[in-house]
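Q:
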Amino acid sequence: MGKASRRRKGADSGSVSARVAPAPFVARPFEGLPGETDWVAMREILPSATATVTFAKGQAPEGAPAEVTIATVLPMAWPGLHRADGTVFVGTQSGSVSGDASRDLATSLLAAASAEQGTPITGTPASTADTPRLQDLLDTTAPFEVAVHDGFEFWVGESELDEEAQASLERANESVIPTVKMAATDSAYWCRIGDRTHIRLVLPQDEDVATDALARLHSAGDSGLGDQTRLLGAFRACGLLVPVWDLDPERTADDYEGALGEFMTRYAAASAADAPLTADERRARSGLLSRQVTLR
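The numbering used here numbers the first residue of the sequence shown as -14 and each following residue consecutively.
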């Protein structure tokens, strides 16, 4: 091969590479969407939940419904499903293939909306820098309202199931952790795991800002939710922080609404503080960092 041919081949390869550049990493993939914290909750901590989204004007594929149901999990961990009745589903917990969960879910959304009715989406192509994001496709003026479910009956709707399918659904339902959406603040969820109960709360600030605020509260002894509760630690998820509290297992979710509301008042003040952390607060921060787990 001559030098000129090699140069042309190199130029062509570079052009192809530029066209298929991978999706860039986005630390907060759902930032800019209504309900960013609940998008994170659905992707990372909720077992069975749904929410409805609407395509922005002109963004729906031809013949696709305007509304789509976002779900935590679909059968067989499918990324998407265009059900026989025309309902389109997208599963948030089917995994990521790029550094931008928004692009990955947008890929699943377009695939499911474009598919024939009765078609599951069992896989999707890798997202690239040219792949649209959810922020490009969805109506961002519409609220994102999460409904928590006891099981996965929403998979089938009004369909009649045969014995094998019903047994499969029942097995899936048995795996669901009992979860209650709290009313005192956004994106807070009570759950029961075995004989223990917890509250998980997705905070809206960047994870470092949230960690500083929790450190201020923890140092002052104000990070709990009342008697027999303690702040266990936190998850880092999609650029946000998700603190987790251990609770009194004899009490219900309703029993913690007041304490959670009071905590959010304290947290708002702590997150607004701009003074440097004190020595005690820095020690509290170090302890909190040691009890943080990054999801995905």
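Note that the Cβ used here is the ideal one computed from N, Cα and C, for glycine as well. Just so it is clear, the structure is predicted and the values come from calculations on it, not from any experiment.
Can you tell me the Cβ-Cβ gap for Asp231 and Leu217, rounded? I've got them flagged as a contact below 8 Å.
A: Yes, Asp231 and Leu217 are in contact; Cβ-Cβ is about 5 Å, under 8 Å.
Q: Using a 10 Å radius around the Cβ and a threshold of 16 neighbouring Cβ atoms, would you call Thr116 buried or exposed?
A: Flag for Thr116 reads buried.
Q: To which residues of the same chain is Ser87 closer than 7 Å at the C-beta, ignoring the five residues directly before and after it?
A: Result list for Ser87: Val11, Pro14, Phe15, Arg118, Leu119 and Gln120, in chain order.
Q: Going by beta-carbon coordinates alone, are Ala200 and Leu273 separated by less than 8 Å?
A: Closer than 8 Å, so yes.
Q: By alpha-carbon positions, which one of Ser33, Glu29 and Thr237 ends up nearest to Val161?
A: Residue Ser33 is the option with its Cα nearest to Val161.
Q: For Arg16, which three-state DSSP category applies?
A: Note on identity: in this sequence residue 16 is Glu, with Arg being the wrong assignment. It is coil, neither helix nor strand.
Q: Is it buried or exposed for Asp23, if we count other Cβ within 10 angstroms and need 16 for buried?
A: By the 10 Å Cβ count, Asp23 comes out buried.
Q: Does Pro110 pass the burial test, meaning 16 or more other C-beta atoms within 10 Å, or should it be called exposed?
A: So Pro110 ends up on the exposed side.
Q: Reducing DSSP to helix, strand and coil, say where Gln78 ends up.
A: Here Gln78 sits in coil by DSSP.
Q: Let's see if you can read the secondary structure: which residues bound the alpha helix (DSSP H) around Leu282?
A: Beyond the ends of the chain as shown, which are -14 and 281, falls residue 282; an answer cannot be given.
Q: Identify the residues that DSSP records as bridge partners of Leu31: which are they?
A: Leu31 pairs with nothing; no bridge assigned.
Q: Which two residues bound the contiguous alpha helix (DSSP H) that contains Arg156?
A: Run containing Arg156: Glu148 to Glu159, per the alpha helix (DSSP H) assignment.
Q: Give me whichever residues DSSP pairs with Thr104 in a beta bridge.
A: According to DSSP, Thr104 bridges with His67.
Q: For a test of the three-state rule: what should DSSP assign to Ala169, helix, strand or coil?
A: Coil, per DSSP.
Q: Can you tell which of His134, Glu138 and Phe74 has its C-alpha closest to the C-alpha of Thr107?
A: The residue with the shortest Cα to Cα distance from Thr107 is Phe74.
Q: Using three-state DSSP, classify Gln44 as helix, strand or coil.
A: Note: Gln44 maps to coil in three-state DSSP.
Q: With H, G and I counted as helix, E and B as strand and the rest as coil, what does DSSP make of Arg236?
A: Looking at Arg236 - three-state DSSP - the assignment turns out to be coil, as it is neither helix nor strand.
Q: On the premise that Val133 lies in contact with Leu31, defined as a C-beta separation below 8 Å, what is that separation, rounded to the nearest angstrom?
A: At roughly 7 Å, the Cβ-Cβ gap stays under 8 Å, so Leu31 and Val133 are in contact.
Q: Give the straight-line distance between the Cα atoms of Gln277 and Asp89, rounded to the nearest whole angstrom.
A: Each residue's Cα considered, the two are about 26 Å apart.
Q: By a C-beta neighbour count over all protein chains shown, 10 Å radius and 16 as the cutoff for buried, is Pro128 buried or exposed?
A: Result: exposed.
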